[in-house]
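Colleague: I have a structure here, written as structure tokens, and I will follow up with some questions on it.
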Amino acid sequence: MDCRHIQFCANPDAIDFEQLQALFNLAAFWAKDRRVEDWQIAIANSSPVISMWDGQKLIGFARATSDGIYRATIWDVAVHPDYQGLGLGRKLVETVLSHPKVSRVERVYLMTTNQQQFYERIGFQSNSTTTMVLFNQPLDTPCSAMAIEMG
Ligand SMILES: CC(C)(COP(=O)(O)OP(=O)(O)OC[C@H]1O[C@@H](n2cnc3c(N)ncnc32)[C@H](O)[C@@H]1OP(=O)(O)O)[C@@H](O)C(=O)NCCC(=O)NCCS
Numbered sequence: 001m002d003c004r005h006i007q008f009c010a011n012p013d014a015i016d017f018e019q020l021q022a023l024f025n026l027a028a029f030w031a032k033d034r035r036v037e038d039w040q041i042a043i044a045n046s047s048p049v050i051s052m053w054d055g056q057k058l059i060g061f062a063r064a065t066s067d068g069i070y071r072a073t074i075w076d077v078a079v080h081p082d083y084q085g086l087g088l089g090r091k092l093v094e095t096v097l098s099h100p101k102v103s104r105v106e107r108v109y110l111m112t113t114n115q116q117q118f119y120e121r122i123g124f125q126s127n128s129t130t131t132m133v134l135f136n137q138p139l140d141t142p143c144s145a146m147a148i149e150m151g
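Going by the UniProt record's numbering, the sequence shown runs without a break in its numbering and finishes at 151.
Written as structure tokens, this is what we have:
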């Protein structure tokens, strides 16, 4: 497939949430059945948010969070199955990496279950020494609300 007509967009307002969730239902095991209102929160708190378009069809997505100088993390990278293996995933991640919010930071992190080789092709290295995770409790319980109010 000739991909020269594929466009990359850094405007989060361009995101069509129905198409976004349809893409993730197809391509991303970790993000099936997300709610539009939750996507809106995630996107509002991410920068850059990069979408990839074949005309009006959303065919790829990636986003990052960044402090602008020390650390950034890339999230939710997905390419529509019909468009995989064409070099578009690499371009998508490189577009995130070249954004000013990410290009100047000391370290860029990401988490992946089984796409290590894809990211290695782009220059990422495995890093088993620094990563931990807290599976957080829902934030709308009375205790956590009280803790936030008390600062
Ligand atoms: C992972 C994903 C984003 C890759 O996108 P893609 O458009 O298919 O990848 P590209 O065609 O740009 O591949 C870039 C390079 O990585 C290699 N590559 C891609 N996927 C690979 C895989 N699973 N294993 C090994 N190499 C891979 C390609 O061969 C290519 O190598 P090259 O530089 O020698 O040409 C895409 O397959 C996808 O959306 N998968 C489902 C969602 C997912 O797993 N996302 C990542 C979550 S962290």
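We treat Cβ as the ideally placed atom computed from N, Cα and C, and that holds for glycine.
Could you tell me the alpha carbon to alpha carbon distance between residue 56 and residue 76, rounded to whole angstroms?
Modeller: 20 Å
Colleague: Closer than 6 Å from C-beta to any heavy atom of ligand 1: which residues, in chain order?
Modeller: 27, 28, 77, 78, 79, 84, 85, 86, 87, 88, 89, 90, 112, 115, 117, 118 and 121
Colleague: Going by DSSP, what residues sit across from residue 60 in a beta bridge?
Modeller: Residue 60 pairs with 52 and 79.
Colleague: Helix, strand or coil for residue 112? Go by DSSP, reduced to three states.
Modeller: Correct three-state label for residue 112: coil.
Colleague: Since residue 215 is in the alpha helix (DSSP H), which residue starts that stretch and which ends it?
Modeller: The question about residue 215 has no answer here: the residues shown for the chain are numbered 1 through 151.
Colleague: Let me make sure I understand the geometry here. Which of 52, 21 and 131 has the alpha-carbon closest to that of residue 83?
Modeller: The shortest CA-to-CA distance from residue 83 to any of 52, 21 and 131 is the one to 52.
Colleague: When you compare only the Cα positions, how much space is there between residue 134 and residue 10?
Modeller: 30 Å
Colleague: Go ahead and label residue 26 buried or exposed: buried means 16 or more other beta carbons lie within 10 angstroms of its beta carbon, across all protein chains shown.
Modeller: exposed
Colleague: If you reduce the DSSP assignment to three classes, tell me which class residue 65 lands in.
Modeller: Reduced to three states, the DSSP call for residue 65 is strand.
Colleague: May I ask you to verify whether the segment 63 to 70 touches the segment 111 to 125, counting CB pairs closer than 8 Å and requiring at least 3?
Modeller: no
Colleague: Would you list the residues sitting across from residue 73 in a DSSP beta bridge?
Modeller: 65 and 109
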